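Structure first, commentary second.
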Amino acid sequence: MSSNSRSGEQQFNILPHPAKTNNPADLDSTSRRDITENPALLAHHARDPYIPSQDLVNKLGAPLSREELKRRSEELNRGQ
């Protein structure tokens, strides 16, 4: 090999790493702590089914019939 062929080779340099620690989360600009601390977003970690209290069940009232649901659906879809 001649010296001319070596000048066309790729050269690589080692650059300083931007992180202060070895934790990849430190480089992430969005904080995941908000996600992991919000109980509403952690429902998939629940072990048992949610059973509402009797007071809450009594406040719900009776379910609507199919006819009432169909009427309500038509009413809501009319506005579109």
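Everything in the sequence shown is counted per the numbering used here, starting at 1245 for the first residue and increasing by one. We treat Cβ as the ideally placed atom computed from N, Cα and C, and that holds for glycine. In this text, all values refer to a predicted model and were calculated from it rather than measured experimentally.
| What's the gap between the Cα of proline 1307 and the Cα of valine 1301? | For proline 1307 and valine 1301, the distance between alpha carbons rounds to 11 Å.
| task | For lysine 1264, collect the residues of the same chain with a Cβ closer than 8 Å to its Cβ; drop the 5 residues on either side in sequence, then sort them by chain order. | result | Only Asp1270 meet the Cβ criterion.
| task | Under 8 Å Cβ to Cβ from glutamate 1311, same chain only, skipping five residues before and after it: list those, please. | result | Closer than 8 Å at the Cβ level, and outside the excluded window around glutamate 1311, lies no residue.
| query | So what's proline 1283 in DSSP terms, helix, strand or just coil? | reply | Proline 1283: helix per DSSP, three-state reduction.
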